[in-house]
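Listed in order, the protein sequences are those of chains B and W.
Position 60 of the first sequence, counted from 1, bears residue number 60 in the working numbering, the numbering being contiguous throughout.
Every number in the working numbering is 1000 more than the matching position in the second sequence, counting from 1.
Every residue gets a Cβ at the ideal spot worked out from N, C-alpha and C, and that includes glycine.
What follows is a set of notes on a single structure, which appears directly below.
2 protein chains.
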Amino acid sequence: MIVVMETKQLQFAKALADKNRLKIMTQLCCVWLSVNDLVEQLGVEQSTVSHHLKTLKAAELVLVRQEGKHRYYTLNQEQLTLCCGMLVQSFAPDYAATIVPVSSIQEASGD
Amino acid sequence: MIVVMETKQLQFAKALADKNRLKIMTQLCCVWLSVNDLVEQLGVEQSTVSHHLKTLKAAELVLVRQEGKHRYYTLNQEQLTLCCGMLVQSFAPDYAATIVPVSSIQEASGD
DNA sequence: TTGACATATCGACCAATATCGATATGATTG
DNA sequence: CAATCATATCGATATTGGTCGATATGTCAA
Chain B
1 MIVVMETKQL QFAKALADKN RLKIMTQLCC VWLSVNDLVE QLGVEQSTVS
51 HHLKTLKAAE LVLVRQEGKH RYYTLNQEQL TLCCGMLVQS FAPDYAATIV
101 PVSSIQEASG D
Chain W
1001 MIVVMETKQL QFAKALADKN RLKIMTQLCC VWLSVNDLVE QLGVEQSTVS
1051 HHLKTLKAAE LVLVRQEGKH RYYTLNQEQL TLCCGMLVQS FAPDYAATIV
1101 PVSSIQEASG D
């Protein structure tokens, strides 16, 4: 269980640890964008954007929806919140109890 | 302001994005350890541990205290909590209001 | 000051990964 | 089916960053 969390935390941190991926996440917050939309806004090659999206997808930080020839991505706010809560639980136990009631998030994510 | 946060978030994510640094953080949670203590527990060279501690220090994720010839490190739980709150505010606005009251953390950190 | 110990820094090497260009896969339309 | 557009994957290259060994800096005791 703890090992699983450590792996998840590493994957989460690595997913965030790139300038362009953070930019992508910023762009994808609260909206659905196609890969080409992101290509235009970031100014890097399409293959690069796809590569980053794959990394974010592996970390479950983005959701995908196919529509016609387009694939629309958006940020997975719930997963991000869970990961942050996990970090606080692991590394800030003095704050975890009062600040981040992760249990309530987990309840809300029952699917 | 937003630019500053993005830089901070990148630094935070990069600081966490290494297996050995996560191990160090785990070891330093709630306790003060010397560099040599960490060297023994991680099984890597002292120079490597110092290098990681420098990275964590730059991200303000550890606190240092000199005592005799030893330097004792511990995890900065408050900073970690702030960074996580910042991430949720930036990338999970739908959750930020109800789950992570960052303002209360900032109040508690007034110095 | 000298010696011993603890930690930080430096230089070199190597592994991981970001990027690009080219190509393959997949979806839609005619 | 062929043509076109959108995205994913692949191979090569460049850059970043982790690691080590050696050395420098700093601290304390004799």
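Only counting the same chain, and skipping five residues up and downstream in sequence, which positions put a Cβ closer than 6 Å to that of residue i?
| i | result |
| --- | --- |
| ARG962/W | With chain W covering only 1001 through 1111, there is no way to say anything about residue 962/W. |
| ALA1015/W | THR1055, LEU1056, ALA1059, LEU1061 |
| VAL1049/W | VAL1035, LEU1038, VAL1039 |
Spatial neighbours of residue i within its chain, please: C-beta separation below 7 Å, excluding the five flanking residues on both sides.
| i | result |
| --- | --- |
| GLN27/B | LEU33, LEU38, GLN41 |
| VAL1062/W | LEU1028, LEU1053, LEU1056, TYR1073, THR1074, LEU1075, ASN1076 |
| SER1104/W | For SER1104/W, the predicted structure reports a pLDDT of 49, less than 50, and the residue's modelled location is therefore unreliable. The matter cannot be settled from this model. |
| TYR1080/W | The sequence given here has Leu at residue 1080/W, not Tyr. The residues are LEU1061. |
| HIS1070/W | SER1034 |
Is the beta carbon of residue i within less than 7 Å of some heavy atom of the ligand ZN?
| i | result |
| --- | --- |
| TYR1072/W | Judged by which ligands are present, the structure shown has none, so any question about the ligand ZN falls away. |
What residues in its chain sit with their C-beta under 8 Å from that of residue i, if we drop five residues either side in the sequence?
| i | result |
| --- | --- |
| GLN1009/W | CYS1083, MET1086, LEU1087, SER1090 |
Where do the N-terminal and C-terminal ends of the alpha helix (DSSP H) with residue i fall, by residue?
| i | result |
| --- | --- |
| THR31/B | Inspection of the sequence shows that residue 31/B is occupied by Val rather than by Thr. VAL31/B -> no alpha helix (DSSP H), and no H or E assigned at all. |
| LEU1063/W | From DSSP, LEU1063/W is part of no alpha helix (DSSP H) but of the beta strand (DSSP E) over 1062 to 1067. |
| GLU1078/W | 1077 to 1091 |
| VAL1049/W | 1046 to 1058 |
Shorter than 8 Å from the beta carbon of residue i to some beta carbon of chain W?
| i | result |
| --- | --- |
| LYS8/B | no |
| LEU16/B | yes |
Would you please verify whether the beta carbon of residue i is less than 8 Å from any beta carbon of chain B?
| i | result |
| --- | --- |
| ALA1013/W | yes |
| LYS1054/W | no |
| GLY1019/W | The residue you asked about is not Gly; residue 1019/W is Lys in the sequence shown. Output row for LYS1019/W: interface = yes. |
* Contact residues within the segment 1023 to 1039 of chain W, judged by C-beta distance below 8 Å to chain B -> Considering only beta carbons, the part of the segment 1023 to 1039 of chain W lying closer than 8 Å to chain B consists of MET1025, THR1026, CYS1029, CYS1030, in chain order.
* To do: Scan the segment 1075 to 1096 of chain W for residues whose Cβ lies nearer than 8 Å to a Cβ of chain B and list them as they occur along the chain.
  => Sequence-ordered contacts of the segment 1075 to 1096 of chain W with chain B read LEU1075, GLN1077, GLU1078, LEU1080, THR1081, CYS1084, GLY1085, LEU1087, VAL1088, SER1090, PHE1091, ALA1092, PRO1093, ASP1094, TYR1095 [C-beta pairs closer than 8 Å].
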